[in-house]
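Be aware that the sequence shown starts at 5, since it is given in the working numbering, and climbs by one per residue.
Glycine included, each C-beta is placed from N, C-alpha and C at the ideal position.
From a predicted model like this one, the values you see are computed outputs, not experimental measurements.
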Amino acid sequence: MSNSPDANGSLPSFSSIKPEEIEPAITRLLDDNRSRLNDIVAATGADTDFEHSILPLEELGSALHQAWAPVSHLHGVANSPELREAYNRCLPLIARYETEISQDERICKLFQDVAKRIDGTGRQAERRLLELGLRDFHLAGVDLPTAEKRRFKEIAEELSGLQARFEQNVLDSMAAWSHHETNSKHVSGIPAVNLEQARDAAANAGLEGWLFKLDQPSYVAVVTHADHRDLRRQFYRAWATRASDQEPSPPEFDNSEIIEQILRLRHEAADLVGFASYAEYSLASKMAESVDEVMQFLDELATRSHEKAAEELSQLERFAGQALAAWDIAYYAEKLRQDQYAVSDAELRPYFPLDRVLAGLFSLVERIYGLRIEHVDDVDVWETDVRYHRIVNDDGDVIGGFYTDLFARPQKRSGAWMDECLNRMDWPGVQQAPVAHLVCNFARPTTSTPSLLNHDEVLTLFHEFGHTLHHVLTRVPFPSVAGINGVPWDAVELPSQFMENFAWAPEVLPMISGHYRTGDPLPDETLQRLRASRVFHAAMQMVRQLEFSLFDLRLHGEYDPARGSRLARILEDVRNRVAVVRHPEYNRFAHAFSHIFGGGYAAGYYSYKWAEVLAADAWSAFEDGGTMNRELAERFRQEILEVGGTVEISDAFAAFRGRAAQLEPLLRQSGILPATGSAGPV
Ligand SMILES: [Zn+2]
């Protein structure tokens, strides 16, 4: 079996991973890493330099990655009770090890010494690795005096407990609500698949009719499709009050106090390491320079989108023939969309058979980047329909590879993602080509029909392929700043969102579509309707995202321990400023805003819009210069995709675009400004 992306690297042997061997292997490896780490630190002295001190650390990180990445990957795509148990036992071991490393003063000192020694000399990638490493040590409080460092650690632990409780309250309050319906008139319009689930749930509970739960798919199905207005209103109320002080959420799951504690502790932690607010702390590792810059960015988008969003809403109300409440918007929007564009999944799917889409995507990459993507047959995989592909450049060199695991199946996590399998490493004695995992959850083929995608799924595939290219085209030799590593959170979606644009382009759509039975091209008129549907309610969606972003940023930027969060006040302010849809007084969306209170998007929710602006502006170069412009693509590859975290993204972007990013391309793409040129939305 030739398990090599090139002569030097080696792919994991997935089929030989045995759950019972995982924990002992990981334990051994962590012990080994710890003792090698001690050796590296002990050996420092006069010859402390990048090669002798930092590269060995990169190797330790890589050893752990290579042992753990295949396990964590299988946990996502081929789960079993035994594997899950082994995985869960290893998680805390790895977390402890990683905390140790990120808090290790000796390594911090090592970085400081090497940085001093290099002092302006050394390669860009070396300087940048040190710079980001030192920044992260500082943000983790490693260089603080002892008492403050202890407090910083306490806060981190307390925060992770509070964030977990926040999430749990959201889940518990959702689980506490259900709606039992026996009147068949009241469920009219709801899709058959959701009704079937509700009927099963009722039967399981020994009830007649339908029992609806408050999970996201059920909520979306009801507010989008249920004809019965009062049912929509009840669902909306349950959804908008999750984990809050408002009925029907049970009071024991109220997140109000947890939100206050989280904000207070974040502020204190930021203060300890020298930032005026948690928003400033969050931005220290992002592309955006300052809170002011992000505020201005969001503010300008809001100013320029508001009128169009208001226009979209009044058009919708005219269509509905009445003033609309918050629980009516999705319902009438769906009706209007059908009315205006009449482009349905059922009509599109036969034209997007997966094999055709993939072949088109691969030939696109060959045309614009000169890369050949070759299927390699005899590679060890975890599931029969998984494929491995190697990437060959113009000179015939294999530069990396990726696995595609594209079909839904039990034991596989839902959603779509790119993950790193192997990281690029390249220094004397150490060479490894990058390899990625590209994972989706498309319907698998049946005996009579291939896997047929709708256009959203095509976009998903292009999006994840954009991340894949970012990982595998990197030229950076050190894993911790190669590919997506070291790329700030607000820029990491640039390559993926950029790639999505190709799946809308009139030149590319014919390459990736063709009727699965007849091979007929997508009818021109359908293609026009599909492209036109891209801007549907884009301004309303824009102001909604801006509302979340501004709320998050102001909440974390203006926090003052003396007066608490002022959450309601800030939310009202932000809504008055940007929102067009009126929400009732009982709406408590912040109490279930898991992105910022449960996950890692605190003072970073704006990142979505930030990256969209970069992606749309990068794409506008192709609108001007031609979708298939090889020279432009080459520049995008060199300046953005290849540099990983070694260049400030604002510099990388300017090197590609010849100037700083501008908002107009996204506004044009969203139909907020009129399109220019032939390739804009029609
Ligand atoms: Zn993404």
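Taking non-hydrogen atoms of ligand 1 into account, the C-beta of HIS599 is found less than 7 Å away from none of them. Just so you know, the alpha carbons of LEU362 and GLY602 end up roughly 36 Å apart.
Contact between THR31 and LEU97 holds: their C-beta atoms lie close to 7 Å from each other, under 8 Å. Placement of the Cβ of GLU304 at a distance of 7 Å or more from every heavy atom of ligand 1 is found. Looking at the DSSP output, PHE406 sits in a beta bridge with HIS393, ALA440.
Under DSSP, ARG376 forms a beta bridge with VAL396. Here the alpha carbons of GLU185 and GLU370 stand approximately 55 Å from one another.
Under DSSP, HIS184 takes part in a beta bridge, and its partners are LEU215. Residue state for GLY487 is assigned as coil, using DSSP reduced to three classes.
A distance criterion of 7 Å places the beta-carbon of GLU461 beyond contact range of ligand 1, judged by its closest non-hydrogen atom. Counting only the Cα atoms, ASP332 lies some 51 Å from ALA71. Note on geometry: alpha-carbon atoms of SER367 and TYR345 lie some 30 Å from one another.
Of all C-beta pairs linking the stretch 246-259 to the stretch 571-585, fewer than three are shorter than 8 Å, placing the two stretches out of contact. Taking all protein chains shown into account, ASN591 has 16 or more neighbouring C-beta atoms within 10 Å of its C-beta and is therefore buried. The straight-line gap separating the alpha-carbon atoms of ARG641 and GLU497 is approximately 15 Å. Its Cα nearest to that of THR150, the residue ASP108 stands out among ILE122, LYS189, LEU136, ASP108. The C-alpha of ALA327 is placed about 49 Å away from the C-alpha of GLU424.
Put simply, the backbone Cα of VAL443 is about 44 Å away from that of PRO565.
Within the DSSP bridge table, the entry for PRO357 names LEU456 as partners. For ASP430, the enclosing beta strand (DSSP E) has its first and last residue at 429-431. Spatial neighbours of TRP243 in its own chain (CB-CB distance under 6 Å, excluding positions within 5 residues in sequence) are listed in chain order as TYR223. Distance from LEU61 to ILE44 at the Cβ level is roughly 7 Å; contact confirmed, criterion being Cβ atoms closer than 8 Å. Within the same chain, and ignoring the five residues on either side of GLN666 in sequence, the residues whose Cβ sits closer than 7 Å to its Cβ are ASP621. VAL434 sits exposed, since fewer than 16 C-beta atoms from the chains shown fall within 10 Å of its C-beta.
The alpha-carbon of ASP343 is positioned some 43 Å away from that of LEU477.
Taking each of ASP53, ALA486, ALA619, VAL491 in turn and checking the Cα distance to ALA288, the smallest one comes out for VAL491.
The beta-carbon distance between ARG672 and ALA625, rounded to whole angstroms, is 13 Å. This is too long to meet the 8 Å contact definition.
Assigned with DSSP and collapsed to three states, PHE469 falls in helix.
Taking the C-beta atoms as reference points, LEU136 is found no nearer than 8 Å to THR52. Checking the DSSP bridge columns, you'll see TRP614 has no partner listed. Here the alpha carbons of PHE657 and GLU635 stand approximately 16 Å from one another. Annotation for GLU424: the continuous beta strand (DSSP E) segment containing it runs 421-426. Here DSSP, grouped into helix, strand and coil, assigns PHE411 to strand.
Secondary structure note for PRO195: it is in no alpha helix (DSSP H), with a DSSP letter that is neither H nor E.
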